[in-house]
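Undergrad: Could you have a look at this structure, given as structure tokens, before my questions?
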Amino acid sequence: MAHKPILFSTPMVQALLEGRKTQTRRVIKGVRKDNSLLVEKPTKTRMGISTHVIDAPELGLLQYSKGDLLWVRETWAQIEEVECGCSEFCLCPQVGEVRYRATVGDDERKWKPSIFMPRQHSRLTLEVTSVRVGPLRIISEEDAKAEGVNAIGAEDGRDPDKRSFVWSFQILWDSLNKNRGYGWDTNPWVCIPEFKVHHCNIDSFNQQERS
Numbered sequence: 003m004a005h006k007p008i009l010f011s012t013p014m015v016q017a018l019l020e021g022r023k024t025q026t027r028r029v030i031k032g033v034r035k036d037n038s039l040l041v042e043k044p045t046k047t048r049m050g051i052s053t054h055v056i057d058a059p060e061l062g063l064l065q066y067s068k069g070d071l072l073w074v075r076e077t078w079a080q081i082e083e084v085e086c087g088c089s090e091f092c093l094c095p096q097v098g099e100v101r102y103r104a105t106v107g108d109d110e111r112k113w114k115p116s117i118f119m120p121r122q123h124s125r126l127t128l129e130v131t132s133v134r135v136g137p138l139r140i141i142s143e144e145d146a147k148a149e150g151v152n153a154i155g156a157e158d159g160r161d162p163d164k165r166s167f168v169w170s171f172q173i174l175w176d177s178l179n180k181n182r183g184y185g186w187d188t189n190p191w192v193c194i195p196e197f198k199v200h201h202c203n204i205d206s207f208n209q210q211e212r213s
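Each number in the numbering used here corresponds to the 1-based position in the sequence shown with 2 added.
This is the structure in structure tokens:
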């Protein structure tokens, strides 16, 4: 069991908090045109060893495995100074207090990118229950819903009254990955961990499990 950080956008953190998100899809890098992954690099005396990407979960070649604990990194801020003017009973944030954009929304606060969130400030822990792989575009409505998106109406000439979670997920995916070269149209192989969401810091979760 490994402990690893995992980044989520603000809308996806909100979906985690609301219990709407139990899956995520992450690009598997290094997949060749023949859908193989390198297991062992070639040397001067030995040929390299490859396997089909479908076997990656069993061989431990993915970034996530069943049983892993993932601590969520999200956009955050830490109160550095307070000038509230309260005289007695005060509900204003205190110096050192951590605020989360997914909870308080946008304001004039100087937000810090999720990549800079330290482990001790994470408030969500994901317990990976299963991991599978597949081409990005092979996704059901049920799985797309489990990604935490809301269904939207089709905008490509199909029935406008038919609402689709897959269509919504496609838009989300491209907003996050298209500029990185992994757009929906490229149909990359993805790692698909499913997880339970625990509303606590990963170290608090570990203490609860041991007690």
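C-beta atoms are modelled at their ideal positions from N, C-alpha and C, and glycine is treated no differently.
Would N189 count as contacting chain C if we go by Cβ distances under 8 Å?
TA: Absence of chain C from the displayed structure is noted, only one protein chain being present.
Undergrad: Nearest CA to the CA of K43: which residue from D36, N37 and G32?
TA: It is G32 whose Cα lies nearest to the Cα of K43.
Undergrad: Among the candidates V100, G107 and T45, whose CA atom is the shortest distance from the CA of S11?
TA: With distances taken between Cα atoms, S11 lies closest to G107.
Undergrad: Roughly how many angstroms lie between the CA atoms of I8 and E143, to the nearest whole one?
TA: Spanning the two alpha carbons is a distance of roughly 24 Å.
Undergrad: If P137 sits next to N189, beta carbons under 8 Å apart, how far is it from one beta carbon to the other, in whole angstroms?
TA: About 5 Å separates the two Cβ atoms, so the contact holds.
Undergrad: Would you call L178 buried or exposed, if buried means 16 or more other Cβ atoms sit within 10 Å of its Cβ?
TA: Counting Cβ neighbours within 10 Å, L178 comes out exposed, since fewer than 16 surround it.
Undergrad: So, does the segment 49-67 touch the segment 98-107, judging by three or more C-beta pairs under 8 Å?
TA: Taking 8 Å as the limit for Cβ pairs, the verdict is that the segment 98-107 does not touch the segment 49-67.
Undergrad: Just curious, the alpha helix (DSSP H) that A79 is in, first and last residue?
TA: Unbroken run through A79 is the beta strand (DSSP E), W78 to Q80; no alpha helix (DSSP H).
Undergrad: Pick out whichever of I30, M3 and Q16 has its Cα sitting closest to the Cα of V199.
TA: Out of I30, M3 and Q16, Q16 has the C-alpha closest to the C-alpha of V199.
Undergrad: Are the CB atoms of L71 and I194 nearer to each other than 8 Å?
TA: Not a contact, by the Cβ cut-off of 8 Å.
Undergrad: Exposed or buried, F171, counting other C-beta atoms within 10 Å across all chains shown (16 or more means buried)?
TA: The residue is buried, with at least 16 neighbouring Cβ atoms inside 10 Å.
Undergrad: Mind checking which residues open and close the alpha helix (DSSP H) that includes K147?
TA: Run containing K147: E143 to A148, per the alpha helix (DSSP H) assignment.
Undergrad: Where do the ends of the beta strand (DSSP E) carrying W73 lie?
TA: From DSSP, the beta strand (DSSP E) with W73 extends over L71 to R75.
Undergrad: Where does V199 fall in DSSP's three states?
TA: It is a strand residue.
Undergrad: In the DSSP assignment, what are the bridge partners of K6?
TA: Bridge partners of K6: L72.
Undergrad: In the DSSP assignment, the alpha helix (DSSP H) including P13 goes from what residue to what residue?
TA: Counting along the chain, the alpha helix (DSSP H) containing P13 begins and ends at T12 to L19.
Undergrad: With which residues is P137 paired in a DSSP beta bridge?
TA: Paired residues: W191.
Undergrad: Assuming H201 and L126 are in contact, meaning their beta carbons sit under 8 Å apart, how far apart are those beta carbons, in whole angstroms?
TA: About 6 Å separates the two Cβ atoms, so the contact holds.
Undergrad: Label T131 either buried or exposed according to how many other C-beta atoms from any shown protein chain fall within 10 Å of its C-beta, with 16 as the threshold for buried.
TA: Label assigned to T131: exposed.
Undergrad: Can the beta-carbon of M14 be found less than 8 Å from the beta-carbon of G150?
TA: Contact flag set, yes.
Undergrad: What span of residues does the beta strand (DSSP E) with R103 cover, start to end?
TA: Counting along the chain, R103 falls outside any beta strand (DSSP E), though it belongs to the alpha helix (DSSP H) covering R103 to V106.
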